[in-house]
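Only one structure is covered here, and it is reproduced in the block below.
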């Protein structure tokens with residue numbers, strides 16, 4: 001039998017990656033873990049607190065409310081953006097100048113920095129000078145995102161839909177483009193209705209990219225901070241205080257490092273958990289042949 | 001079932017075709033007889049699929065009309081034409097079971113479930129997939145998927161025509177035979193008009209009653225396999241059908257005699273004076289090696305194909321192929337070839353010229 005050569009020096013080759021990952025992820029995360037199990041009264045003095053912060057946060061209604069708002073936000077934007085994105089993709093020109101034109105126009109919102117998107121909508125929705133706010137006001141509709149919870153929610157949801165539907169549409173479009181013509185021709189021969197073409201050809205062929213779109217949009221919206229912060233600042237009251245806005249308030253506003261660290265670890269675990277569940281379900285569906 | 005008439009039909013993929021070269025399918029008049037099996041044979045890109053898609057209504061022709069039993073359907077959508085078509089690459093509805101795939105065309109036409117179930121069983125038996133009916137189509141291999149496509153094409157009994165666009169390309173050789181036999185049987189049993197596109201001459205010749213040979217967007221000959229073999233109307237048909245193809249040799253033709261580089265070749269009948277590029281064509285099967293008479297050749301290679309030998313030779317610097325029997329002697333002193341005069345065809349500018357008199361039967 002041939003002897004396997006052993007050369008432990010090869011481990012040095014992975015060293016650069018280890019160092020990189022250590023500095024970019026492991027060490028910062030461990031710092032947070034460190035904060036989450038200690039208490040401090042300033043002066044850089046820390047005391048062991050064990051799981052106290054975690055217990056406190058779990059019994060704190062504030063975090064549960066933020067989580068609830070967060071889930072509602074992610075749920076609503078997914079429920080709008082995914083079907084809307086598919087609808088847009090289905091109706092886009094498949095080739096030629098107008099196809100490229102649509103692609104460029106639709107990519108534009110994706111290229112605008114979050115901050116700027118927030119500012120655009122903040123001004124757009126203002127009742128005194130904003131085009132949208134002023135128009136609605138003139139039409140006699142009670143719209144004021146700084147005072148009215150419903151208005152604030154509608155504003156941040158419409159803003160997110162405006163910002164990100166393109167992403168779903170572009171992914172769905174890519175999925176649609178990869179369907180060979182023969183499928184559509186066969187469907188015509190088989191006399192399939194438009195709905196059946198969508199249900200049995202387009203949707204199954206788009207499934208892969210749609211799952212990526214859902215996962216991306218879920219994770220992104222679950223971590224959203226900048227845009228709602230710029231528009232509503234979490235208000236009115238706490239109406240639009242989503243998880244990350246709440247977290248920043250706690251960590252940097254109140255400087256409650258311990259609870260905030262515990263909070264962010266749980267936040268991280270929730271995202272990890274949901275993504276994992278999502279991924280597992282996906283892979284299983286795929287195996288079973290949907 | 002219907003008779004399909006093509007009337008002045010032509011198609012170009014360009015918006016404003018200027019010259020004939022812009023047409024993917026050049027002007028064509030033809031009647032596809034009801035209940036016959038046709039093969040559309042030609043190299044890739046010669047317009048076969050274009051013609052097929054025009055018949056099924058997936059493509060609107062740039063000019064001309066298409067009639068089913070005398071009724072103009074040129075602008076009728078595919079659904080109205082009631083055509084079944086099977087494509088080169090398998091098209092199955094991944095998320096459905098095999099059974100639902102087969103039932104799909106029937107259900108879309110609102111047939112009742114009892115009838116659908118019966119037809120699905122019949123077709124499943126025909127394509128040998130009875131035990132897979134409940135499986136999802138997604139996980140199946142390419143040839144199983146193509147069998148489903150074929151099955152979906154055959155599931156409707158009342159179609160006007162069945163069109164096949166190189167359907168057996170992805171199927172392995174053993175299965176090819178079986179499916180082709182099934183298709184022939186189907187044609188025999190139900191008498192559908194069938195049009196089968198292929199670039200494989202064996203497939204075409206074994207499947208069809210009539211073979212339509214296409215070359216560069218033009219139908220160059222329509223005929224029985226025998227006619228294509230004995231009397232190719234165009235040098236392309238000569239090349240394309242037969243293995244190896246017909247020998248085409250530049251010649252001068254005067255009356256009953258052809259001259260290849262000055263050497264005489266007897267013809268079986270008389271020809272009027274010809275202009276342009278004149279050639280004679282003779283199939284390797286009708287060329288004999290000889291010691292003393294005929295054109296001088298230099299033998300370069302002999303291939304033994306089992307039942308016969310293929311002799312590759314050179315005649316006045318031109319390649320010439322000879323097929324001789326397994327037991328026919330090939331000797332070093334056989335440096336000439338003779339042609340069977342009755343089987344020599346004369347071509348002017350690639351098209352066959354009919355003799356003026358005395359054509360051999």
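Protein chains in written order, with full-length UniProt numbering: chain A, 1 to 290; chain B, 1 to 361. Backbone N, C-alpha and C define an ideal beta-carbon position, used for all residues, glycine too. On a predicted model such as this, the values are computed, not experimentally measured, just so you know.
Chain B contact residues for residue i, given Cβ-Cβ distances below 8 Å
i             : result
residue 254/A : Result: empty, since nearest Cβ-Cβ is about 52 Å, beyond 8 Å.
residue 192/A : 104 and 108
Own chain, CB closer than 6 Å to residue i, minus 5 neighbours either side, in chain order
i             : result
residue 261/B : 316
residue 361/B : In this prediction, residue 361/B scores a pLDDT of 39, lower than 50, which makes its location untrustworthy; the coordinate-derived value is nonetheless stated afterwards. The answer is none, since no qualifying residue turns up.
residue 165/B : 49, 52, 87, 88 and 197
residue 252/B : 259
Selection from the options that minimises the alpha carbon distance to residue i
i             : options                       : result
residue 187/A : 63/B, 77/B, 283/B and 271/B   : 77/B
residue 277/B : 250/B, 294/B, 219/B and 136/B : 250/B
residue 50/A  : 33/A, 61/A, 43/A and 60/A     : 33/A
residue 279/A : 214/A, 4/A, 156/A and 125/A   : 214/A
residue 137/B : 154/B, 159/B, 104/B and 112/B : 104/B
residue 227/A : 127/A, 10/A, 20/A and 158/A   : 158/A
residue 111/A : 141/A, 166/A and 176/A        : 166/A
residue 151/B : 115/B, 226/B, 112/B and 179/B : 179/B
residue 39/A  : 269/A, 284/A, 261/A and 281/A : 261/A
residue 91/A  : 81/A, 102/A and 70/A          : 102/A
residue 131/B : 155/B, 352/B and 97/B         : 97/B
residue 75/B  : 283/B, 58/B, 83/B and 85/B    : 58/B
residue 238/A : 203/A, 61/A and 117/A         : 61/A
residue 240/A : 12/A, 135/A, 147/A and 267/A  : 147/A
residue 263/B : 269/B, 295/B, 283/B and 246/B : 295/B
Amino acids of chain B, ordered along the chain, whose beta-carbon sits closer than 7 Å to that of residue i
i             : result
residue 62/A  : Those do not exist, as residue 62/A stays about 45 Å from chain B at its closest Cβ, beyond 7 Å.
residue 200/A : 93, 95 and 96
residue 182/A : 87, 89 and 91
residue 3/A   : Per Cβ cutoff of 7 Å: no residues; residue 3/A is ~41 Å from chain B at best.
Own chain, CB closer than 7 Å to residue i, minus 5 neighbours either side, in chain order
i             : result
residue 169/A : 85, 88, 89 and 106
residue 259/A : 53, 56, 57 and 250
residue 210/B : 36, 38, 222, 223 and 224
residue 308/B : 323, 324, 325 and 326
residue 122/A : 230 and 231
residue 127/B : 147, 150 and 151
residue 26/B  : 10, 20, 217 and 218
Within chain A, the residues that residue i reaches when beta carbons sit closer than 9 Å
i             : result
residue 83/B  : 189
residue 119/B : The contacting residues do not exist; residue 119/B stays about 14 Å from chain A at best.
residue 152/B : 186, 189 and 190
Residues near residue i in its chain [Cβ-Cβ closer than 8 Å; skip 5 each side]
i             : result
residue 224/A : 73, 160, 242 and 244
residue 293/B : 336 and 338
residue 124/A : 130, 131, 132 and 133
residue 256/A : 250
residue 29/B  : 6, 7, 8 and 9
residue 46/B  : 214, 215, 216 and 217
residue 220/B : 213, 214, 233, 234, 236 and 237
residue 134/B : 97, 98 and 99
Beta-carbon neighbours of residue i, restricted to chain A and to distances below 7 Å
i            : result
residue 78/B : 188 and 189
Chain C within 8 Å of residue i, Cβ atoms only
i             : result
residue 235/B : Chain labels in this structure do not include chain C; the protein chains are A and B.
In the stretch 45-66 of chain B, which residues sit with their C-beta less than 7 Å from some C-beta in chain A, listed in chain order?
56 and 58
Could you list the residues in the stretch 231-262 of chain A with a C-beta less than 7 Å from some C-beta on chain B, going in chain order?
none
Pairs of beta-carbons, one from the stretch 81-96 of chain B and one from the stretch 129-147 of chain B, closer than 8 Å: are there three or more?
yes
Do the stretch 41-48 of chain A and the stretch 201-220 of chain A make contact, defined as three or more Cβ pairs closer than 8 Å?
no
Using a beta-carbon distance cut-off of less than 7 Å, what residues from the stretch 203-227 of chain A approach chain B?
204
Touch check for the stretch 180-196 of chain B and the stretch 20-35 of chain B: three-plus C-beta pairs under 8 Å?
yes
Three or more C-beta pairs closer than 8 Å, one from the stretch 16-25 of chain B and one from the stretch 160-172 of chain B: is that the case here?
no
Does the pairing of the stretch 171-187 of chain A with the stretch 140-158 of chain A give three or more beta-carbon distances under 8 Å?
no
Taking 8 Å as the cut-off, does the stretch 231-241 of chain B touch the stretch 54-72 of chain B (at least 3 CB pairs, one atom from each stretch)?
no
For the stretch 45-56 of chain B against the stretch 2-19 of chain B, are there 3 or more C-beta pairs whose distance is under 8 Å?
yes
Quick one: any contact between the stretch 345-355 of chain B and the stretch 279-293 of chain B, if contact means 3 or more CB pairs under 8 Å?
yes
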